[in-house]
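K.L.:
The listed protein sequences correspond, in order, to chains A and B. Sequential numbering of the first sequence, starting at 1, is according to my numbering. Sequential numbering of the second sequence, starting at 1, is according to my numbering. C-beta: ideal position from N, C-alpha, C; glycine also. These numbers were taken from a predicted model, which means no experiment stands behind them. Sharing a structure with you now.
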Amino acid sequence: MAVKSRKESKHPGRLAFSFRRHMHERFIEMLLFMAALCSVLIMLAIVIMLVKESYVFFQHVSIWDFLTDTEWTPLFDNAHYGILPLVSGTVVSSMVALTVALPLGTIIAIYLSEFAPFAVREIAKPFLELLGGVPTIVYGYFALLFVTPLLQVFFPELPGFNLLSAGLVMGIMIIPYVSSMTEDAMRAVPMNLREGSYAMGATRFQTAIRVVMPAAFSGIAAAYILGISRAVGETMVVAIAAGMQPNLTWNPAEPAATITAYIVQVSLGDLPHGSIGYQTIFAAGLTLLLITLAFNIIGHILRKRYREIY
Amino acid sequence: MQPDKQLEDIRAIIARHKRWDMMFLVAGVISLMIAVLTFIALFSHMLIDGMPRLSWEFFTSYPSRHPEAAGILSAWVGTTLVMIVTALSAVPLGIGAGVYLEEYAPKNFLTEIIEINVTNLAGVPSIIYGLLALGLFVYQLSLGQSILAAGLALALLILPVVIVATREAIRSIPVTIREGSYALGATKWQTVYDHILPYSAPGILTGVIIGLARAIGETAPIITIGALTFIAFLPPSPVKEEFPFLSFEWLMAPFTVMPIQMFNWVSRPEEEFQFNAAAAGLVLVVMTLAMNGLAIYLRYRMRKKIKW
Chain A
1 MAVKSRKESK
11 HPGRLAFSFR
21 RHMHERFIEM
31 LLFMAALCSV
41 LIMLAIVIML
51 VKESYVFFQH
61 VSIWDFLTDT
71 EWTPLFDNAH
81 YGILPLVSGT
91 VVSSMVALTV
101 ALPLGTIIAI
111 YLSEFAPFAV
121 REIAKPFLEL
131 LGGVPTIVYG
141 YFALLFVTPL
151 LQVFFPELPG
161 FNLLSAGLVM
171 GIMIIPYVSS
181 MTEDAMRAVP
191 MNLREGSYAM
201 GATRFQTAIR
211 VVMPAAFSGI
221 AAAYILGISR
231 AVGETMVVAI
241 AAGMQPNLTW
251 NPAEPAATIT
261 AYIVQVSLGD
271 LPHGSIGYQT
281 IFAAGLTLLL
291 ITLAFNIIGH
301 ILRKRYREIY
Chain B
1 MQPDKQLEDI
11 RAIIARHKRW
21 DMMFLVAGVI
31 SLMIAVLTFI
41 ALFSHMLIDG
51 MPRLSWEFFT
61 SYPSRHPEAA
71 GILSAWVGTT
81 LVMIVTALSA
91 VPLGIGAGVY
101 LEEYAPKNFL
111 TEIIEINVTN
121 LAGVPSIIYG
131 LLALGLFVYQ
141 LSLGQSILAA
151 GLALALLILP
161 VVIVATREAI
171 RSIPVTIREG
181 SYALGATKWQ
191 TVYDHILPYS
201 APGILTGVII
211 GLARAIGETA
221 PIITIGALTF
231 IAFLPPSPVK
241 EEFPFLSFEW
251 LMAPFTVMPI
261 QMFNWVSRPE
271 EEFQFNAAAA
281 GLVLVVMTLA
291 MNGLAIYLRY
301 RMRKKIKW
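This is how it looks when you write it as structure tokens:
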């Protein structure tokens, strides 16, 4: 605008000022745009980096072997590159975590949103937030040195490293994420829906289950998806408490490595850049990224599809 | 059916529903208690094991092969320096991106891509950021296993947190503030710089603190870039006696951080080292809890004070 009016101006000084000001504005807008573009660049860099190193890896190892071989021993002389043992460890520990986190997180959310008096909510919400802020390494310590010995009192044959205690602690760790997002979704449901339900004589429980939860479905689904991708990507708890031995098992009482624990194990050692061992962690990372990405996409679709607008 | 019988039936139904209601109330309280008790167990277990090790010497000694002589000097110095790098890179970038998306971004395809991307980045597991840092910073840009590489890796990790906090803080400012500023002839940037940013500062600060608290406790990405776990020296001091008084050698120095030190101690077989791990964990938890507590307090005050 400033540029256009410049020609017909009678006050060149003022419009030069305005032109300068315009350029200044454009410059700042460009800077801010670059900052925003960074997030896209980071995502691209992640994908490129993982695909690039994995591509070299898959020239050594066929994708078929990678997906079907039942042994993962890339650092041995007799190397096998089957991702299944790592996937089984990841699936089992995540399942244990989610059987703790999803029900407890949902119940806490319903309680806080529909039942709890104001004072309880004001104390419980920040407390849960603090619980979510505890570093994962501390939870790992807790799983190894508190939960496992505690479980061994009841199951004496439980090994020192096992997926069960790692999964249980991971579940407790994820509760705050699930409960706070679920609660936010439920609180966003307008009050008149609840009032309608109460007016029909429904109890709070019936209102919560039959009215509020269906109305908040898309938000609750998003919370669950976030919980799942947290569990799948969680590293330190499983690396410390579940052992780092790849083990194709579906039994939570056994030690096993997850995808993330394997990456940690390799990084702790001294692997030369460019070796096949170095490339395996990128292939493992790519697998992990694809799994979490799949869940994110499902979450996105659920959100879009079942979104209720009031 | 007699009217009496009918009434009784209805009463029975009501009683049953109320029983369910009560049962759920109890379930809710129990679930909340499970979370609370776990936290208490975690904290007290660490307190019992770690408290005896906490002393002045613990903060001023280097790690050592002798558990009773080992300390966290290099770890807390490393954590501080890494956090400085993380804050200096993530905060300007995150706020810039947040301001752009809220105030400037036109509604088009590219904006939508950026928005979806920020959400997706928040869902990427932290260890993946470690792999990115390993490939990009450590090898591609040859930063090595340095404080700079670790700080940047953690900055990428908390970037989505800062962006989302900035956007939420900006979104809560009513449009009338902007209109008032424009009506007085201010440009967009003047409006943003003199009004939007100052008013959203507490909200942004809350997000930054929460992000940094998360970065302090992150272990996986730092392990992935191959940071050494036994560091018995400090990085070169950033302040010099002679001109120009500042030195940036420390950016390229090898380092260790609190969670790495703790991980190192947890994975040792000797029991004495577990006590050190507990003490380090205690320091770490107190640090992150204090930061999160500060953020929660700031938000609480903000909510009370500001009424648009």
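1. Take Val138 of chain A as the anchor and find which of B:Tyr193, B:Ile30, B:Asp9, B:Thr38 has the nearest alpha-carbon.
2. Thinking C-beta only, is Ala278 of chain B closer than 8 Å to Gly50 of chain B?
3. Quick check on Arg194 of chain A - is its C-beta less than 8 Å from some C-beta in chain B?
4. Mind pulling the beta strand (DSSP E) runs of 3 or more residues that sit fully within the stretch 80-158 of chain A?
5. Would you call Arg20 of chain A buried or exposed, if buried means 16 or more other Cβ atoms sit within 10 Å of its Cβ?
6. Excluding sequence positions up to five away, which residues of its chain have a Cβ less than 6 Å from the Cβ of Asn296 of chain A?
7. Which residues of chain B have a Cβ atom closer than 8 Å to the Cβ of Thr203 of chain A, listed in chain order?
8. Compare the C-beta of Tyr139 of chain B with all C-beta atoms of chain A and state if any pair is closer than 8 Å.
9. Can you tell me where the alpha helix (DSSP H) holding Met236 of chain A begins and where it ends?
10. What is the rounded straight-line gap between the Cα of Pro259 of chain B and the Cα of Ala215 of chain B?
11. In whole angstroms, what is the alpha-carbon distance linking Tyr55 of chain A and Ile63 of chain A?
12. Pairs of beta-carbons, one from the stretch 163-181 of chain A and one from the stretch 252-263 of chain A, closer than 8 Å: are there three or more?
13. In chain order, which continuous runs of the beta strand (DSSP E) of length 3 or greater are located wholly inside the stretch 186-256 of chain A?
14. How is the alpha helix (DSSP H) around Phe120 of chain B delimited, first residue to last?
15. Under DSSP, the alpha helix (DSSP H) around Asn296 of chain A begins and ends at which residues?
16. Could you list the residues in the stretch 48-72 of chain A with a C-beta less than 7 Å from some C-beta on chain B, going in chain order?
17. Residues of chain B with CB under 8 Å from Glu367 of chain A, in chain order?
18. Rounding to the nearest angstrom, what Cα-Cα distance links Leu168 of chain A and Pro3 of chain B in this structure?
19. Check whether the stretch 83-91 of chain B touches the stretch 143-152 of chain B, taking contact to mean three or more Cβ pairs, one atom from each stretch, closer than 8 Å.
20. Just curious, the alpha helix (DSSP H) that Ile210 of chain B is in, first and last residue?
21. With contact counted as at least three CB pairs below 8 Å, one residue from each stretch, are the stretch 124-136 of chain B and the stretch 283-293 of chain A in contact?
22. What residues in the stretch 290-304 of chain A bring their beta carbon closer than 7 Å to a beta carbon of chain B?
23. Between Leu73 of chain B and the rest of its own chain, which residues show a CB-CB distance below 8 Å, the 5 nearest in sequence each way excluded?
24. Grab me the residues of Ala241 of chain A's own chain with a C-beta within less than 8 Å of its C-beta, minus the 5 sequence neighbours each way, in chain order.
25. Express the C-alpha separation of Trp189 of chain B and Leu282 of chain B in angstroms, rounding to a whole number.
26. Mind pulling the chain B residues with CB within less than 9 Å of Ser229 of chain A?
27. For Ala35 of chain B and Gln152 of chain A, I'd like the C-alpha separation in whole angstroms.
28. Locate the alpha helix (DSSP H) running through Met83 of chain B, then write down its first and last residues.
29. Please report how far the alpha carbon of Gly94 of chain B lies from the alpha carbon of Leu141 of chain B, in whole angstroms.
30. Return the chain-ordered list of same chain residues with a C-beta closer than 7 Å to the C-beta of Ile173 of chain B, the five sequence neighbours on each side being excluded.
31. Against Pro259 of chain B, what residues of chain A qualify as contacts under a CB-to-CB distance less than 7 Å, listed in chain order?
32. In chain B, what lies closer than 8 Å to Ser39 of chain A by C-beta?
33. Give me the DSSP bridge partner(s) of Trp72 of chain A.
34. To the nearest angstrom, report how far apart Val285 of chain B and His17 of chain B are at their CA atoms.
35. Alpha carbons only, please: which of A:Val61, A:Met186, A:Met236, A:Leu226 is nearest the one belonging to Gly217 of chain B?
36. Do the CB positions of Arg303 of chain A and Ala222 of chain A come within less than 8 Å of each other?
P.N.:
In this structure, then:
1. Comparing Cα-Cα distances from Val138 of chain A to each of B:Tyr193, B:Ile30, B:Asp9, B:Thr38, the minimum goes to B:Thr38.
2. The Cβ atoms of Gly50 of chain B and Ala278 of chain B sit closer than 8 Å to each other.
3. Not a single CB atom of chain B sits nearer than 8 Å to the CB of Arg194 of chain A.
4. Fully enclosed beta strand (DSSP E) runs of 3 or longer: not present.
5. Exposed: under 16 other Cβ atoms inside 10 Å.
6. Here the set comprises nothing.
7. Close partners of Thr203 of chain A in chain B (Cβ separation under 8 Å): His17, Lys18, Trp20, Asp21.
8. Answer yes: the Cβ-Cβ gap between Tyr139 of chain B and chain A drops below 8 Å somewhere.
9. 236-241 is the span of the alpha helix (DSSP H), which, as asked, contains Met236 of chain A.
10. The alpha-carbon of Pro259 of chain B is positioned some 10 Å away from that of Ala215 of chain B.
11. Rounded to the nearest angstrom, the two C-alpha atoms are 10 Å apart.
12. Contact annotation: the stretch 163-181 of chain A touches the stretch 252-263 of chain A, with at least three C-beta pairs closer than 8 Å.
13. Restricted to the stretch 186-256 of chain A, not a single beta strand (DSSP E) segment is unbroken, complete and at least 3 residues in length.
14. Sequence check: residue 120 of chain B is Asn here, not Phe. Asn120 of chain B -> alpha helix (DSSP H) spans 109-123.
15. Where Asn296 of chain A is concerned, the enclosing alpha helix (DSSP H) stretches over 276-306.
16. Listed by position along the chain: Met49, Leu50, Glu53.
17. For chain A, the structure presents residues 1 to 310; residue 367 of chain A sits outside this window and is missing.
18. Rounded to whole angstroms, the separation of the alpha carbons of Pro3 of chain B and Leu168 of chain A is 53 Å.
19. Yes, they touch.
20. Here the alpha helix (DSSP H) through Ile210 of chain B covers 197-217.
21. Three or more beta-carbon pairs separated by less than 8 Å link the stretch 124-136 of chain B to the stretch 283-293 of chain A, which places the two stretches in contact.
22. Here the close residues are Thr292, Asn296.
23. Cβ neighbours of Leu73 of chain B within its own chain (closer than 8 Å, five residues either side excluded): Phe59, Thr60, Ser61, Tyr62, Leu234.
24. Closer than 8 Å at the Cβ level, and outside the excluded window around Ala241 of chain A, lie Gly140, Ala143, Leu144, Val147, Thr148, Phe161, Asn162, Ser165, Ala166, Val169.
25. So the alpha carbons of these two residues sit roughly 45 Å apart.
26. Those are Gly123, Val124, Pro125, listed as they occur along chain B.
27. Spanning the two alpha carbons is a distance of roughly 21 Å.
28. Taken as a continuous stretch (DSSP letters only), the alpha helix (DSSP H) holding Met83 of chain B covers 73-99.
29. When only Cα atoms are considered, Gly94 of chain B and Leu141 of chain B end up about 22 Å apart.
30. Cβ neighbours of Ile173 of chain B beyond the five flanking positions: Ile196, Tyr199, Ser200.
31. For Pro259 of chain B, the chain A residues whose Cβ falls inside 7 Å of its Cβ are Pro135, Ile137, in order along the chain.
32. Going along chain B in sequence order, the residues near Ser39 of chain A (Cβ under 8 Å) are Ala97, Ile114, Asn117, Val118, Leu121, Leu159, Pro160, Ile163.
33. Under DSSP, Trp72 of chain A forms a beta bridge with A:Tyr81.
34. Roughly 43 Å separates the two Cα atoms.
35. Comparing Cα positions, the closest option is A:Met236.
36. Judged by their CB atoms, Arg303 of chain A and Ala222 of chain A are nearer to each other than the 8 Å cut-off.
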